[in-house]
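> Using this note's numbering, the letters of the sequence shown correspond one by one to residues 15 to 107.
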Amino acid sequence: MIFPYTVGSAVEVKIASVSPTRTSLVIVCNHATATLYIRFSKGVAIANGFPIYSYGFIGLKIPEDDPTTDVWAISDTVGTQVRVYEGYGKPKQ
Numbered sequence: 015m016i017f018p019y020t021v022g023s024a025v026e027v028k029i030a031s032v033s034p035t036r037t038s039l040v041i042v043c044n045h046a047t048a049t050l051y052i053r054f055s056k057g058v059a060i061a062n063g064f065p066i067y068s069y070g071f072i073g074l075k076i077p078e079d080d081p082t083t084d085v086w087a088i089s090d091t092v093g094t095q096v097r098v099y100e101g102y103g104k105p106k107q
C-alpha cells in the first residue's frame with residue numbers, strides 16, 4: 015500500500031503507525047529541494063532526525079531492520095510531498 019502525506023516545517027507528522035505484521039517500509043521525499051527528517055518516535059526535529067534528501071528514500075525490511083515501528087517526519091520546507099510504502103510480505107501458508 016502506498017500512502018501520500020504532506021509534511022511541513024512547523025509540526026511533525028506521523029507517517030507510519032506501529033504494525034507488527036508489516037515486513038517492509040519505504041519512505042520517499044518526493045520534492046525537488048526539500049530535506050525530510052524522520053525519527054522512530056515522537057519529537058522529530060531537524061536537529062535529531064535522520065535526513066532524507068530531495069527525491070531520496072530509505073527502505074527498511076525484515077530481518078535486517080525493524081519496519082514495524084512508528085515513523086514521524088518534519089521537513090525544512092513547507093508542503094513537502096512524501097510517499098510511504100508499507101509491505102506485508104507473503105501470507106503464511
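Note that the Cβ used here is the ideal one computed from N, Cα and C, for glycine as well.
(1) If we count the other Cβ atoms within 10 Å of its Cβ and call it buried at 16 or more, is A59 buried or exposed?
(2) Who are the Cβ neighbours of I72 in its own chain at under 6 angstroms, not counting the five residues just before and after it?
(3) What is the residue span of the beta strand (DSSP E) that P18 lies within?
(4) Let me know the secondary structure DSSP gives V85 once reduced to three states.
(5) In three-state DSSP terms, what is I41?
(6) Given T37, which residues of its chain have a CB within under 8 angstroms of its CB, disregarding the five upstream and five downstream residues?
(7) The beta strand (DSSP E) that contains T94, what's its start and end?
(8) Within the continuous beta strand (DSSP E) that includes K75, where are the two ends?
(9) Which residues does DSSP list as the beta-bridge partners of P65?
On the basis of the data shown:
(1) exposed
(2) Within the same chain, and ignoring the five residues on either side of I72 in sequence, the residues whose Cβ sits closer than 6 angstroms to its Cβ are I41 and I66.
(3) I16 to V21
(4) strand
(5) The three-state reading of DSSP puts I41 in strand, counting E and B together.
(6) K75, I76, P81, G101, Y102 and G103
(7) T94 to G101
(8) Where K75 is concerned, the enclosing beta strand (DSSP E) stretches over F71 to K75.
(9) Y51
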